[in-house]
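Numbering (the numbering used here), first residue to last: 532 to 638.
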């Protein structure tokens, strides 16, 4: 599988050995290294998305005032979360309860 091949690839660079000579300890260290690398990438993505959302909020405040900007950013955040929930986690969010809650948040 792909994760095992990736761990063996990292292990082979670490030990300067062919990938089939990696022992269990080296594979465990490579797994930990990949986990930390993935966390770092996720943190960088989170920071970038938060910076984009803050920029959008500030642009909205300049154009239409703080109340409208707060409402628009909250609605955009809610819709984005719903779309990610549907696409990534296969959630059933577009039902009557969800729409009623969304409407109450917008009001």
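Glycine is no exception: its CB is placed at the ideal position from the N, C-alpha and C atoms.
Computed from a prediction, not measured in an experiment: that's the story for all the values here.
- In the three-state scheme derived from DSSP, where H, G and I count as helix and E and B as strand, residue 560 is classed as helix.
- The Cβ-Cβ distance between residue 617 and residue 610 does not fall below 8 Å.
- Cβ-Cβ separation between residue 586 and residue 600: approximately 12 Å, too far for a contact (criterion under 8 Å).
- If you draw a 10 Å sphere on the C-beta of residue 566, you find fewer than 16 other C-beta atoms in it, and that means exposed.
- Here residue 637 is not near residue 596, since their CB atoms are 8 Å or more apart.
- Put simply, of 594, 579, 588 the residue whose alpha carbon is nearest the alpha carbon of residue 606 is 588.
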